[in-house]
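In my numbering, each residue's number is its place in the sequence shown (first place is 1) plus 1293.
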Amino acid sequence: MVVVGKLEKNRAGNHVAAQLVRCGTAGGAHYEARGAESRADFVHKVRLAAKEVRESVYWMRLARRADLLHVSVEQAVQEGSELAAILAASATSARASR
C-alpha cells in the first residue's frame, strides 16, 4: 500500500487510491481459497484473486500515465502481472485435474 500514499492528493488521486486499496487487499482475501468448500469454490476464489491483482496493475499503470504518481511502479506492475498469471494458471490446473 506504499503506492497509495504516494498518489497526488486531489480528486483523481483520491479516487485511484480508494480503488487501489480495494482491489489491492481483495486479491489476498480471495486467495484464502485454501479454505474453499469444494474444488469449484477454490477455482472461483483463485480466479477472483487473479482478477483483483490484474485490476491493481491497471490502477497503478493508469496513475503513472495520468501523472498522479511520481514514483516508479514498474517493479510492482511486473510482479503483479506475474502473480496474476500464476493465479490464473493455478485455477486452470485445479479445474483440469478433476
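Every residue, glycine too, gets a C-beta built ideally from N, C-alpha and C.
Comparing C-alpha positions only, which one of the options sits nearest to residue i?
{"i": "N1303", "options": "G1328, F1335, A1356", "result": "A1356"}
{"i": "M1353", "options": "A1322, V1339, G1373", "result": "G1373"}
{"i": "K1392", "options": "A1305, L1380, T1318, R1358", "result": "With the chain running from 1294 to 1391 in the structure shown, residue 1392 is simply not present."}
{"i": "G1321", "options": "A1342, A1329, E1330", "result": "A1342"}
{"i": "K1403", "options": "S1383, A1310, A1377, T1385", "result": "The structure shown does not extend to residue 1403, since the chain is modelled only from 1294 to 1391, so the question has no answer here."}
{"i": "D1360", "options": "G1306, Q1371, A1310", "result": "G1306"}
When DSSP labels each residue in this structure, what does residue i get in the three-state scheme?
{"i": "L1313", "result": "helix"}
Pull up the distance between the alpha-carbon of residue i and that of residue j, whole angstroms please.
{"i": "C1316", "j": "V1295", "result": "14 Å"}
Of all Cβ atoms in chain D, is any one closer than 8 Å to the Cβ of residue i?
{"i": "N1307", "result": "Included in the structure is just one protein chain, with no chain D present."}
If we count the other Cβ atoms within 10 Å of its Cβ and call it buried at 16 or more, is residue i buried or exposed?
{"i": "S1331", "result": "exposed"}
If you scan the segment 1345-1379 from start to end, which runs of the alpha helix (DSSP H) of 4 or more residues do you find wholly inside it? If we require 4 residues or more, the segment 1345-1379 turns out to have no alpha helix (DSSP H) run fully inside it.
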